[in-house]
Amino acid sequence: MMEILEGSHAVAEAVKRCRPQVIAAYPITPQTHIVEALASMVADCDLDADYICVESEFSALSACLGASAAGSRVYSATTSQGLALMFEVCFNVAGMRQPIVMTIANRAMGAPLNIWNDQQDSISLRDAGWMQFYAEDNQEANDLHYIAYKVAENHDVLLPAMVCFDGFILTHTYEPVDIPTQEEVDAFLPAYQPVNILDAKNPMSLGMYATPEYYTEFRYEIEEAMKRARKVFAEVGAEFGETFGRDYSGLIEGYRLEDADVALVAMGSICGTVKDAVDEMREDGKKVGLLKIRSFRPFPSEEVKAALAGVSTVAVLDKNISIGQKGAVALEVRDALYGSSGAEVLDYIIALGGRDVRKRDIRAVVDLAEKGIGDQFYGLRTEVL
Amino acid sequence: MDQESELFQCGHRACGGCGPALAAKLILKGTGPNTIVVASTGCMEVFSTPYPETAWGVPWIHSLFENAAAVASGIESSLKKQGRDENVVCICGDGATFDIGMLCISGAFERGHDITYICYDNEAYMNTGIQRSGATPYDANTTTTPVGKCSTGNPRPKKDLPAILNSHGASYVATASMAYPNDLIRKVKRAMEIHGPNYIQVHTPCCTGWGFDGSQTMNIGRLAVETGLWVNYEMVNGELEHVRKVGSRKSVDEYLQVQKRFRHLFRPKKNEEEIAKIQAIADHNAEVFGVDRK
Numbered sequence: 028m029m030e031i032l033e034g035s036h037a038v039a040e041a042v043k044r045c046r047p048q049v050i051a052a053y054p055i056t057p058q059t060h061i062v063e064a065l066a067s068m069v070a071d072c073d074l075d076a077d078y079i080c081v082e083s084e085f086s087a088l089s090a091c092l093g094a095s096a097a098g099s100r101v102y103s104a105t106t107s108q109g110l111a112l113m114f115e116v117c118f119n120v121a122g123m124r125q126p127i128v129m130t131i132a133n134r135a136m137g138a139p140l141n142i143w144n145d146q147q148d149s150i151s152l153r154d155a156g157w158m159q160f161y162a163e164d165n166q167e168a169n170d171l172h173y174i175a176y177k178v179a180e181n182h183d184v185l186l187p188a189m190v191c192f193d194g195f196i197l198t199h200t201y202e203p204v205d206i207p208t209q210e211e212v213d214a215f216l217p218a219y220q221p222v223n224i225l226d227a228k229n230p231m232s233l234g235m236y237a238t239p240e241y242y243t244e245f246r247y248e249i250e251e252a253m254k255r256a257r258k259v260f261a262e263v264g265a266e267f268g269e270t271f272g273r274d275y276s277g278l279i280e281g282y283r284l285e286d287a288d289v290a291l292v293a294m295g296s297i298c299g300t301v302k303d304a305v306d307e308m309r310e311d312g313k314k315v316g317l318l319k320i321r322s323f324r325p326f327p328s329e330e331v332k333a334a335l336a337g338v339s340t341v342a343v344l345d346k347n348i349s350i351g352q353k354g355a356v357a358l359e360v361r362d363a364l365y366g367s368s369g370a371e372v373l374d375y376i377i378a379l380g381g382r383d384v385r386k387r388d389i390r391a392v393v394d395l396a397e398k399g400i401g402d403q404f405y406g407l408r409t410e411v412l
Numbered sequence: 128m129d130q131e132s133e134l135f136q137c138g139h140r141a142c143g144g145c146g147p148a149l150a151a152k153l154i155l156k157g158t159g160p161n162t163i164v165v166a167s168t169g170c171m172e173v174f175s176t177p178y179p180e181t182a183w184g185v186p187w188i189h190s191l192f193e194n195a196a197a198v199a200s201g202i203e204s205s206l207k208k209q210g211r212d213e214n215v216v217c218i219c220g221d222g223a224t225f226d227i228g229m230l231c232i233s234g235a236f237e238r239g240h241d242i243t244y245i246c247y248d249n250e251a252y253m254n255t256g257i258q259r260s261g262a263t264p265y266d267a268n269t270t271t272t273p274v275g276k277c278s279t280g281n282p283r284p285k286k287d288l289p290a291i292l293n294s295h296g297a298s299y300v301a302t303a304s305m306a307y308p309n310d311l312i313r314k315v316k317r318a319m320e321i322h323g324p325n326y327i328q329v330h331t332p333c334c335t336g337w338g339f340d341g342s343q344t345m346n347i348g349r350l351a352v353e354t355g356l357w358v359n360y361e362m363v364n365g366e367l368e369h370v371r372k373v374g375s376r377k378s379v380d381e382y383l384q385v386q387k388r389f390r391h392l393f394r395p396k397k398n399e400e401e402i403a404k405i406q407a408i409a410d411h412n413a414e415v416f417g418v419d420r421k
């Protein structure tokens, strides 16, 4: 049913329909409205979950780990400093192969303290073994939760997943969102079927320590599962499309890329602005397109390579910076194209800490890219440096 | 003893005479098989679960050094939602309990989860090489509170964790010693029957860290109680209910001089002043808890 909802509430409605049995979360801006909405649903008995009011994000994910290991479907949400506080547990959850789904309301990292949007928080957790899916709008944020659980819980995957959507830009924006019914979601996402759980009738040890003799093989298994997740995501996304009419079979999505000379590459809400700018530039006769990255982990290298095969210039918009190198998305794209493409890949660090991006900024990036000027912060205010 | 029926099995890699290993065995006799154990990083995790082996005959999970109480909170919540009824018991060392895990323990107790948190207290970070923790007693020589020209060892008394958890509204708080096995088992059994967050702190001498022969673990444990440096008591809903009395308390000298961690108090000459301070700690314990049998 189509409803006009705040992004956070659209996500909460999605989470409710995924029927988590345990929710543990600590409030932090701009994630707060999600967990408040879920707490209300539990308080009204609209959602049959145990909501644990933990004392920190560190404990939130730790409690989720325990609840998941004991066989329940669990949920958490966080952002920025909260995600950073979970850092240690994030690696542990992936290492113990618990299919936890967590929403990230993307927000800049301090210092300086900044509550507004960029994607530095989740990008900084890219190596933890979590899948990372980025939503362009609130409809996608809603839909990716059903898909994330189904991919995470697939027995060929069994990895945790972050559903990332931009703080404030999406979390606090009202948009029409088509929310599936509970029955529809139940049919798409059956009850969690755990594999190895804590059970007194069948004792096993989880999270033991492994010597150099075995540790490498555990890491290898996680990597192989992440590779398998690419195929599983495509299958689940296609199934979602057949069921709900919105296709997510692609880990990437191309927009007017077919004959493009210049391709912009981006993740998250900025893609909406880029699409509008691309339309304008197309009217001006510029052959421009967008490649949207929906899944950053697993990274769809083959798909990116294929999508950018005919492009001469690639302009990557990175809402993050790996200090001492470049933006993380640009590095991934360069790696995907290495050895197979003559395209020039230029990186633009943009929209950090919530700085607004307009269509004219996207046009300006394309102008710079066409001149071969890139690998820089876009729109730096040199007068305050 | 019938090894087949033990829930904490032989073959683990603990030192000969390890107090915590014996405590684990006794604790599981108290919990019984219908129990999920949550561990923190520490000696016990290292010596009992080198992959692909495990000494645990009950479901066991280790996540991190500091989050056992939070993981246990999630497990308890998960079991409740599934309508399952298993005991959730944390078994963690003193570093994980007194120091790095305090945030998670405080949260779990304040929320009132139905879990029993058992700390095996060997009074230092033992598996990383005997560094001080908040449970290390006054004047103990550790590698981070070393004895030197200007130092007589650890400069601070042991943190009173049972008091802290009592103030959190714990249902049941008890101290025990692995040197009094039946008392320890009884207290664990009792905790299993009391709903809400329970805490048991078990004194577990560490032959390697404290510096005594592995055959003497039980004797050292008993001496701690007989001197009043360790008191075995039970508190229910914040009220002191039972204290193990001592007929005629031994002087702390007897306990201190048989451990290398206190050797500096006796060599090259006896440090009467420092030993008097430790005796005062024992006397204070005796007075507060009414240890002396009148």
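Protein sequence lines correspond, in order, to chains A and B.
For the first sequence, our numbering gives the first residue as 28, with consecutive numbering after it.
For the second sequence, our numbering gives the first residue as 128, with consecutive numbering after it.
Beta carbons are placed, not taken as given, at the ideal position from N, Cα and C, and that holds for glycine.
Computed from a predicted structure; not experimentally measured.
Query: Integer Cβ distance of K377 of chain B from T344 of chain B, believed to fall under 8 Å; Result: Not really, about 18 Å apart at Cβ, beyond 8 Å.
Query: Span of the beta strand (DSSP E) around L318 of chain A; Result: V315 to I320
Query: Chain B contact residues for N119 of chain A, given Cβ-Cβ distances below 7 Å; Result: S190 and L191
Query: Residues near I321 of chain B in its chain [Cβ-Cβ closer than 6 Å; skip 5 each side]; Result: S298 and Y299
Query: Range covered by the alpha helix (DSSP H) that runs through F215 of chain A; Result: Q209 to F215
Query: Candidates B:G220, B:S167 and B:W183, of which the one nearest A88 of chain B by Cα; Result: Limits of chain B in this structure are 128 at one end and 421 at the other, which puts residue 88 of chain B out of reach.
Query: Reduced DSSP category for V222 of chain A - H, G, I as helix; E, B as strand; rest coil; Result: coil
Query: Helix, strand or coil at Q159 of chain A according to DSSP, with G and I counted as helix; Result: strand
Query: Start and end residues, alpha helix (DSSP H) containing C117 of chain A; Result: F114 to G122
Query: Test: C191 of chain A CB closer than 9 Å to a CB of chain B; Result: no
Query: Cβ-based neighbour list, T340 of chain A, same chain, cut-off 6 Å, excluding 5 preceding and 5 following; Result: V289, E371 and A396
Query: L191 of chain B to E251 of chain A span [Cα, whole Å]; Result: 24 Å
Query: Reduced DSSP category for N309 of chain B - H, G, I as helix; E, B as strand; rest coil; Result: helix
Query: Distance between beta carbons of G146 of chain B and S342 of chain B, contact taken as under 8 Å; Result: Their Cβ separation, rounded to whole angstroms, is 13 Å, which puts S342 of chain B and G146 of chain B out of contact at 8 Å.
Query: Neighbouring residues, chain A, relative to L155 of chain B (Cβ below 9 Å); Result: What L155 of chain B touches in chain A: nothing, since even the nearest Cβ is about 11 Å away.
Query: Status (buried if at least 16 other CB within 10 Å, exposed otherwise) for L206 of chain B; Result: buried
Query: Chain A contacts made by the region 194 to 220 of chain B, where a contact means CB separation under 7 Å; Result: N194, A197, V198, A199, S200, G201, I202, S204, S205, L206, K207, K208, Q209 and E213
Query: Neighbour flag for M128 of chain B against chain A, beta carbons, 9 Å; Result: Bear in mind that the predicted position of M128 of chain B carries a pLDDT of just 45, short of 50, making it too unreliable to give a figure here.
Query: Complete beta strand (DSSP E) runs within the region 251 to 323 of chain B (minimum length 3 residues, chain order); Result: 299 to 304
Query: Short Cβ contact (9 Å threshold) for I61 of chain A with A104 of chain A; Result: yes
Query: Positions along the region 221 to 244 of chain A whose CB lies within less than 7 Å of some CB in chain B; Result: L225, D226, A227, P230, M231, S232, L233, G234, M235, Y236, A237, T238 and Y241
Query: Buried/exposed call for N281 of chain B, threshold 16 Cβ in 10 Å; Result: buried
Query: Short-range partners of chain B found in the region 99 to 125 of chain A, where Cβ spacing is below 8 Å; Result: S99, V101, E115, V116, N119 and M123
Query: Buried versus exposed, by CB contacts within 10 Å (16 or more), T44 of chain A; Result: Here residue 44 of chain A turns out to be Arg, not Thr, going by the sequence shown. Buried.
Query: Local conformation of P147 of chain B per DSSP, three classes; Result: helix
Query: Through-space distance from Q220 of chain A to M319 of chain B, alpha-carbon basis; Result: 30 Å
Query: Beta carbon proximity, D213 of chain A to chain B, threshold 9 Å; Result: no
Query: Within 9 Å, strictly: CB atoms of V418 of chain B and V358 of chain B; Result: yes
Query: Nearest candidate by alpha-carbon position, reference V184 of chain A, set A:N165, A:D402, A:E262 and A:A334; Result: A:E262
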